[in-house]
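Residue numbers (my numbering), protein chains in the order written: chain D, 1 to 114; chain G, 115 to 226.
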């Protein structure tokens with residue numbers, strides 16, 4: 001395995017379900033990120049972890065709960081979502097909080113909330 | 115006013131054409147400028163990176179930054195069908211990757 005791997009690639013859930021998205025990076029990076037990508041909108045930063053510590057929470061609703069057990073793994077726990085949360089959720093990593101902004105993205109998890 | 119404006123397209127051009135993709139921005143503190151390319155059903159990948167003003171060339175791709183006009187461009191020469199993708203501009207003032215501000219992306223199709 002190389003790069004940034006996200007599972008599942010596709011997820012359909014009802015508003016009362018609980019599910020989790022998983023991200024794993026094999027690049028030896030120390031910073032990991034969750035982004036939300038919706039149609040015709042810019043990427044929205046959700047959470048940032050640096051050396052397992054959360055450094056950024058961009059006013060994300062509490063129905064999204066991140067977890068970073070180590071520098072290689074990142075989870076996004078989902079609970080009681082709304083249809084407007086349907087989007088592509090992208091995980092990214094970087095060498096610490098890369099000053100240059102070079103991020104390495106996974107292929108994303110396409111979430112549909114019914 | 116959005117911090118970064120990018121025409122979402124879609125933009126469709128014939129193979130071999132020169133493509134020009136552009137973004138404007140309002141924050142004069144931005145110093146780091148990037149272009150990411152995102153193929154369908156894939157994550158974005160860094161294509162070009164420029165610090166401050168000037169041009170940078172990499173093969174068929176040229177990134178140009180005009181800080182006085184708050185305008186950045188990506189030129190693709192001899193465009194190929196494999197260049198068909200969404201191109202995202204991104205920029206920051208240097209506060210780290212978490213301070214990146216993205217444009218909404220331009221969807222580009224190169225027709226054979």
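We put the CB at the ideal spot given by N, CA and C, even for glycine.
- Using a Cβ cut-off of 7 Å (strictly closer), state whether residue 94/D contacts chain G. Residue 94/D sits at position 94 when you count from the first residue of the first chain. At a cut-off of 7 Å between beta carbons, residue 94/D contacts chain G.
- Proximal chain G residues relative to residue 116/D, where beta-carbon distance stays under 9 Å: In the structure as shown, chain D begins at 1 and stops at 114. Residue 116/D is therefore absent and cannot be evaluated.
- Item | Paired residues, beta bridge with residue 180/G - DSSP | Position 66 of the second chain, counted from the start, is the residue given in the question as residue 180/G. 185/G.
- Query: Straight-line CA distance for residue 15/D to residue 90/D?
  - Reply: Numbered from 1 along the first chain, position 15 holds the residue referred to as residue 15/D. Numbered from 1 along the first chain, position 90 holds the residue referred to as residue 90/D. If I take the Cα positions, the gap works out to 21 Å.
- Measure how close the beta-carbons of residue 75/D and residue 3/D come, nearest whole angstrom, since I'm counting them as under 8 Å. Translated into positions along the first chain, residue 75/D becomes position 75. Translated into positions along the first chain, residue 3/D becomes position 3. 18 Å between Cβ atoms; not a contact.
- Item | Opening and closing residue of the beta strand (DSSP E) in which residue 10/D lies | Translated into positions along the first chain, residue 10/D becomes position 10. That run of the beta strand (DSSP E) goes 10-13.
- Is residue 54/D buried or exposed, if buried means 16 or more other CB atoms sit within 10 Å of its CB? Walking along the first chain from the start, residue 54/D turns up at place 54. Exposed is the call here.
- When the Cα of residue 218/G is compared with those of 107/D, 39/D, 72/D and 51/D, which residue comes out closest? Position 104 of the second chain, counting from 1, holds the residue named residue 218/G. Taking residue 218/G as reference, the option from 107/D, 39/D, 72/D and 51/D with the minimal CA-CA separation is 39/D.
- Local Cβ density within 10 Å of residue 216/G, reported as buried at 16 or more and exposed below that: As a first step, residue 216/G must be located in the second chain, where it is residue number 102. Residue 216/G is buried by the Cβ-count criterion.
- Query: Where does residue 39/D sit, in a helix, a strand or coil, going by DSSP?
  - Reply: What you label residue 39/D is simply residue 39 of the first chain in a count that begins at 1. Correct three-state label for residue 39/D: coil.
- Task: Closer than 6 Å by C-beta to residue 49/D: which residues in its own chain qualify, once you throw out the five before and the five after it? Chain order, please.
- Result: Position 49 of the first chain, counting from 1, holds the residue named residue 49/D. Non-local beta-carbon contacts of residue 49/D in its own chain, meaning distances under 6 Å to residues more than five positions away in sequence, involve 32 and 68 in chain order.
- Just checking, does the stretch 145-160 of chain G make contact with the stretch 189-204 of chain G on the three C-beta pairs under 8 Å criterion? Short answer: they touch.
- Under 8 Å by Cβ, that's how I've got residue 144/G and residue 162/G pegged, so tell me the actual separation to the nearest angstrom. Along the second chain, one-based indexing puts residue 144/G at 30. Along the second chain, one-based indexing puts residue 162/G at 48. 15 Å between Cβ atoms; not a contact.
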